[in-house]
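Accompanying notes for the structure given below.
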Amino acid sequence: MQVRDIQRVLEEWAPRTAAWEHDNVGIQCGDPHMSVRGVLICLDITEDVVRDALRRRANLIVSHHPLLYHPLSSITSTTRVGRTATTLVRKGISALAAHTNLDAAPEGTSSALAGILGVRDPEPLDHSFGLQVKLVTFVPAADVDRVARAMAEAGAGIIGNYTQCSFRTEGIGTFQGNAESTPAAGRRGKYERVPEVRLEMIVDRDRLPAVLAAMRHAHPYEEVAHDMYPIGNAHPRFGMGAIGNLRRPTTLGAFLRRVRRMLGTGALRYTGDVRRRVVRVAVCGGAGSRFIEHAIAQHGDVFVTSDVSFHRFQDAAGRIALIDAGHHETEYPVLATIAGKIREACRARAERIPVAVSAVRTNPVAYA
Ligand SMILES: [Zn+2]
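Residue numbers (this note's numbering): 431 to 798.
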């Protein structure tokens, strides 16, 4: 497999279209066509992680935090990013990042955190908006089923548990082909009125190129009239954070011990009564304090996230138990999911590529 194949595996799961606007995801450096000898997965690419990759003969590093995030005007040995990027290039190691796209994806950062804490069937805390478009095309009635099926096979028309969702309205299409045209219906140079069906389907933005190609291929017309509308719908499966119920109710005290044990956090900062009953758990891997109100509105008993400020604790007190379990610690569980997805893709292609999560400690925060 090449670097771009691994990128495709990751982005079919966590599409770039789901990333925040100013994020920098995808290939950070290296060669998309390079053949991958080994994959090393980490939250942050540090110089120690690069050494770990060299030791393991891995030539692709997949990280959660992008190595290149802020625009750079120079790459020198005087900065951490400059040194790391230089070594990667010099040693022929490619780097790939899946950041906020992974946070928003189903089975992403927060789902992995929820899973490790025993939360069942987590749903996003705050669904992502604007990840879909409405695609409309105009098809002669005899061809509409075929066109709709082709579009559905490429990924259009999925709403929750339903596939092949479309809406159809009958109408009249008009056109007049010029001297170069070869119209499928009527004659060149003649004004035509043709009964057509307005076929509309919802499409995830990342599936759009495939669906447009399928639509053009299946459509009988030379020029395929179509409209694309951005739609503001909340995506049913993509979003930030996760919320769900524990299998069995517990107390906040016992839940705090579970969080510490499962995440290996040196110490937890929290607010709430340790005797409080906990069954509905909201989480957000990484800095997720802005979702506290979402967790409260969705009746969370507790919210686990990181980078919580004093005033956020103050706002939460008495309304929800709030736990700051560390940025690194709350994101770490997703690394195993990334490894699983890449291993699965390697197996499916019968390729033996070692895939490992780096054992190097990259958390800059220690607990005294
Ligand atoms: Zn983070």
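By construction, the Cβ of each residue, glycine as well, lies at the ideal position given by its N, Cα and C atoms.
Please read all numbers here as calculations on a predicted model, not as lab measurements.
Pick from the options that is closest to residue i, judged by C-alpha positions
i, options, result
"residue 433", "490, 482, 759, 453", "490"
"residue 602", "496, 567, 488, 596", "567"
"residue 712", "684, 738, 676, 687", "676"
"residue 761", "474, 448, 464, 460", "474"
"residue 594", "468, 443, 578, 498", "578"
"residue 755", "637, 478, 691, 436", "691"
"residue 626", "573, 641, 752, 447", "573"
"residue 708", "797, 751, 467, 695", "751"
"residue 502", "515, 492, 494", "515"
"residue 488", "782, 745, 734, 653", "782"
"residue 732", "544, 443, 504", "544"
"residue 436", "451, 790, 612, 774", "774"
"residue 549", "597, 688, 444", "688"
"residue 449", "662, 710, 560", "560"
"residue 865", "556, 530, 629", "Residue 865 lies beyond the residue range present for the chain, which begins at 431 and ends at 798; the question has no answer from this structure."
"residue 796", "767, 784, 757, 771", "757"
"residue 612", "652, 738, 597, 469", "652"
"residue 772", "463, 468, 452", "468"
"residue 557", "662, 439, 682, 785", "662"
"residue 679", "654, 617, 710, 779", "710"
"residue 695", "635, 748, 763, 631", "763"
"residue 588", "624, 575, 620, 631", "631"
"residue 656", "569, 444, 504, 742", "569"
"residue 735", "749, 693, 776, 727", "693"
"residue 443", "530, 785, 779, 453", "530"
"residue 646", "576, 525, 610", "576"
"residue 542", "728, 446, 463, 759", "759"
"residue 463", "525, 546, 446", "525"
"residue 767", "438, 742, 546", "546"
6 Å Cβ shell around residue i - same chain, five flanking residues per side excluded
i, result
"residue 658", "563, 565"
"residue 605", "622"
"residue 527", "455, 458, 493, 496"
"residue 540", "671, 672, 713, 714, 715"
"residue 787", "471, 765, 769"
"residue 650", "573, 614"
"residue 476", "792"
"residue 790", "478, 479, 482"
"residue 440", "528"
"residue 607", "613, 618"
"residue 554", "669"
"residue 431", "466, 781"
"residue 683", "704"
"residue 598", "627, 629"
"residue 724", "555, 556"
"residue 648", "576, 577, 580"
"residue 644", "580, 581, 584"
Residues sharing a beta bridge with residue i, DSSP
i, result
"residue 564", "632, 659"
"residue 626", "570, 601"
"residue 595", "Answer is none; residue 595 lacks a bridge partner."
"residue 786", "470"
"residue 456", "527"
"residue 465", "432"
"residue 589", "592"
Contacts around residue i, its chain only, beta-carbon distance under 8 Å, and the 5 residues preceding and following it disregarded
i, result
"residue 637", "584, 585, 586"
"residue 749", "726"
"residue 504", "512"
"residue 624", "570, 602, 603, 604, 605, 615, 616"
Residues near residue i by beta carbon distance below 7 Å, same chain, minus five either side
i, result
"residue 551", "674"
"residue 685", "708, 732"
"residue 641", "565, 581, 584, 585, 586, 633"
"residue 660", "560, 563"
"residue 730", "673, 710, 711, 712, 750"
"residue 746", "701, 722, 752"
"residue 620", "606"
"residue 447", "561, 635, 636"
Evaluate the contact criterion for the region 514-521 versus the region 467-484: three or more CB pairs, one atom per stretch, below 8 Å.
yes
Segment contact, 8 Å Cβ cut-off, at least three pairs: the region 508-516 with the region 533-546:
no
Does the region 692-704 come within contact of the region 666-676, defined as at least 3 CB pairs closer than 8 Å?
no
Mind pulling the alpha helix (DSSP H) runs of 4 or more residues that sit fully within the region 516-585?
530-534, 539-546, 574-583
Check whether the region 717-730 and the region 693-700 are in contact - that is, three or more C-beta pairs closer than 8 Å.
no
Closer than 8 Å is the cut-off here; do at least three beta carbon pairs connect the region 495-508 with the region 458-473?
yes
Can you list the alpha helix (DSSP H) stretches of 4 or more residues lying completely in the region 634-708, in chain order?
638-648, 682-693
Ignoring anything shorter than 4 residues, give me the alpha helix (DSSP H) runs that lie fully in the region 703-772, in order along the chain.
722-727, 740-746, 757-761
Which parts of the region 472-499 are runs of the alpha helix (DSSP H), unbroken and 4 residues or longer, counting only runs that do not cross its ends?
477-486
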